[in-house]
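Note sheet for the following structure.
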Amino acid sequence: KAGVTQTPRYLIKTRGQQVTLSCSPISGHRSVSWYQQTPGQGLQFLFEYFSETQRNKGNFPGRFSGRQFSNSRSEMNVSTLELGDSALYLCASSLSQGGKLFFGSGTQLSVL
Amino acid sequence: GDSVTQMEGPVTLSEEAFLTINCTYTATGYPSLFWYVQYPGEGLQLLLKATKADDKGSNKGFEATYRKETTSFHLEKGSVQVSDSAVYFCALSDQTGTASKLTFGTGTRLQVTL
Chain L
1 KAGVTQTPRY
11 LIKTRGQQVT
21 LSCSPISGHR
31 SVSWYQQTPG
41 QGLQFLFEYF
51 SETQRNKGNF
61 PGRFSGRQFS
71 NSRSEMNVST
81 LELGDSALYL
91 CASSLSQGGK
101 LFFGSGTQLS
111 VL
Chain D
113 GDSVTQMEGP
123 VTLSEEAFLT
133 INCTYTATGY
143 PSLFWYVQYP
153 GEGLQLLLKA
163 TKADDKGSNK
173 GFEATYRKET
183 TSFHLEKGSV
193 QVSDSAVYFC
203 ALSDQTGTAS
213 KLTFGTGTRL
223 QVTL
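Chains L and D supply the protein sequences, listed in that same order. When the letters of the first sequence are read in order and numbered with our numbering, they come out as residues 1 to 112. When the letters of the second sequence are read in order and numbered with our numbering, they come out as residues 113 to 226.
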């Protein structure tokens, strides 16, 4: 069974641009969560989607948004990129909301 | 709000040494507690969990006991191997049990040498 797949693996953007990251959950998983990992702040919860609806949201500005499609794949978007958005963005899927999380390898975003 | 405090690393041990990584938490109610491990270049993997006081989570020789009285969930292993070298994260979910919304500690890097 394929694991959680995140694309792209690496991304370089400049300040002010926007970026879209993609996450394909494990087959059959309906919940997708996103986390930001930085050396300074550690791992921080961004949001969770279940059945195409955002169920939980962390403490991030509105520049961070996401969505989930009917096949459970999810995208997150960051607009007007700032240097501080440089981070590893991790996606995790679970069978149901609140279930055991399976993490992808992440997308490493560098903002120059 | 909820928070998790882990001992700072890196922790460097020789193979077969005893491992303890301290973790304490602050939370309202009765959170569930987790240990995750991150190997180089990979995402996080759930190592073990405990959902109520005095529960002991165990996996691959690692153990941690949910201590409500000391608000702790220390990770232990009796004999570490080189393959255990990784970053270990302690985490909690809030009392609603929404395990998707986790609060993580800062992580402790473990390096095991021959």
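Backbone N, C-alpha and C define an ideal beta-carbon position, used for all residues, glycine too.
Residue i classed as buried or exposed, judged by whether at least 16 other C-beta atoms fall within 10 angstroms
| i | result |
| --- | --- |
| D:Glu128 | exposed |
| L:Phe69 | exposed |
| D:Asp166 | exposed |
| D:Gln118 | buried |
| D:Phe130 | exposed |
| L:Pro25 | buried |
| D:Tyr151 | exposed |
| D:Leu204 | buried |
| D:Tyr178 | buried |
| L:Ala2 | exposed |
| D:Val192 | buried |
| D:Gly257 | The question about residue 257 of chain D has no answer, for chain D in this structure spans 113 to 226. |
| D:Leu156 | buried |
| D:Lys213 | buried |
| D:Glu120 | exposed |
| D:Val200 | The residue asked about is misnamed: residue 200 of chain D is Tyr in this sequence, not Val. Its Cβ being crowded by 16 or more others within 10 Å, D:Tyr200 is buried. |
| D:Val194 | exposed |
| L:Gln41 | exposed |
| L:Tyr10 | exposed |
| D:Thr182 | exposed |
| D:Thr215 | buried |
For residue i, the nearest candidate out of the options (CA to CA)
| i | options | result |
| --- | --- | --- |
| L:Ser105 | L:Tyr49, L:Ser93 and L:Gly99 | L:Ser93 |
| D:Cys135 | D:Asp196, D:Thr218, D:Ala198 and D:Lys213 | D:Thr218 |
| D:Gly113 | D:Ala139, D:Ile133 and D:Ser195 | D:Ala139 |
| L:Arg63 | L:Lys13, L:Lys100, L:Gln108 and L:Glu82 | L:Glu82 |
| L:Tyr89 | L:Val78, L:Val111, L:Gln44 and L:Thr107 | L:Thr107 |
| D:Lys180 | D:Leu214, D:Val116 and D:Tyr142 | D:Tyr142 |
| L:Thr53 | L:Phe60, L:Ser72 and L:Ser86 | L:Ser72 |
| D:Thr220 | D:Pro122, D:Tyr148 and D:Thr182 | D:Pro122 |
| D:Cys202 | D:Ala176, D:Val224 and D:Thr182 | D:Ala176 |
| L:Arg30 | L:Gly40, L:Leu43, L:Tyr49 and L:Arg67 | L:Tyr49 |
| L:Phe102 | L:Cys23, L:Pro8 and L:Arg15 | L:Cys23 |
| D:Lys168 | D:Glu154, D:Glu188 and D:Ser115 | D:Glu188 |
| L:Gln97 | L:Arg15, L:Leu109, L:Leu21 and L:Arg55 | L:Arg55 |
| D:Asp206 | D:Ala162, D:Thr182 and D:Lys172 | D:Ala162 |
| D:Lys172 | D:Trp147, D:Ser115 and D:Gly153 | D:Trp147 |
| L:Ser51 | L:Ser86, L:Gly28 and L:Pro39 | L:Gly28 |
| L:Gly84 | L:Leu21, L:Phe60 and L:Phe47 | L:Phe60 |
| D:Val224 | D:Ser126, D:Ser115 and D:Val116 | D:Ser126 |
Integer-rounded CB distance, given that residue j should sit under 8 Å from residue i
| i | j | result |
| --- | --- | --- |
| D:Phe73 | D:Tyr137 | As displayed, chain D neither begins before 113 nor continues past 226, which places residue 73 of chain D out of reach and without an answer. |
| L:Gln6 | L:Cys91 | 5 Å |
| D:Ser144 | D:Leu160 | With 8 Å as the limit, D:Ser144 and D:Leu160 do not qualify as a contact, their Cβ atoms being about 11 Å apart. |
| L:Val113 | L:Ser74 | Residue 113 of chain L is absent from the structure shown; chain L starts at 1 and stops at 112. |
| L:Lys100 | D:Leu158 | 6 Å |
| D:Leu222 | D:Ser197 | 6 Å |
| L:Gly58 | L:Gln44 | 6 Å |
| L:Val111 | L:Arg15 | 6 Å |
Residue i beta carbon near the ligand NAD (any heavy atom closer than 7 Å)
| i | result |
| --- | --- |
| D:Thr138 | In terms of ligand content, the structure shown is empty, and the ligand NAD therefore cannot be addressed. |
Select from the stretch 66-77 of chain L all residues with a C-beta closer than 9 Å to any C-beta belonging to chain D, and list them in chain order. Contact residues of the stretch 66-77 of chain L toward chain D are absent (C-beta to C-beta distance below 9 Å).
Relative to chain L, which residues along the stretch 211-224 of chain D have a C-beta separation below 8 Å, given in chain order? Taken in chain order, the members of the stretch 211-224 of chain D whose beta-carbon sits within less than 8 Å of a beta-carbon on chain L are Ala211, Ser212, Lys213, Leu214, Thr215, Phe216, Gly217, Thr218 and Gly219.
What are the complete beta strand (DSSP E) segments, minimum 3 residues, inside the stretch 65-107 of chain L? Whole beta strand (DSSP E) segments, 3+ residues: 74-78 and 87-94.
Taking beta-carbon pairs under 7 Å, can you tell me which members of the stretch 44-60 of chain L lie near chain D? Hits within the stretch, in order: Phe45, Glu48 and Asn56.
Output needed in chain order: residues of the stretch 28-45 of chain L with a Cβ under 7 Å from some Cβ in chain D. Listed by position along the chain: Ser31, Ser33, Gly42, Leu43 and Phe45.
Looking at chain D, which residues of the stretch 97-108 of chain L have a Cβ within less than 7 Å of any of its Cβ atoms? Cβ contacts with chain D come from Gln97, Gly98, Gly99, Lys100, Leu101, Phe103, Gly104, Ser105 and Gly106.
Residues, ordered as in the chain, of the stretch 170-182 of chain D that lie near chain L by beta-carbon distance below 8 Å: Of all residues in the stretch 170-182 of chain D, none has a Cβ within less than 8 Å of some Cβ in chain L.
Got a sec: which bits of the stretch 190-206 of chain D sit with their beta carbon under 9 Å from any beta carbon on chain L, in order along the chain? Residues of the stretch 190-206 of chain D that bring their beta carbon within less than 9 Å of a beta carbon in chain L comprise Phe201, Ala203 and Ser205, in sequence order.
Residues of the stretch 1-24 of chain L whose Cβ lies closer than 9 Å to any Cβ of chain D, in chain order: Going along the stretch 1-24 of chain L in chain order, one finds Gly3, Val4 and Gln6 with a Cβ nearer than 9 Å to chain D.
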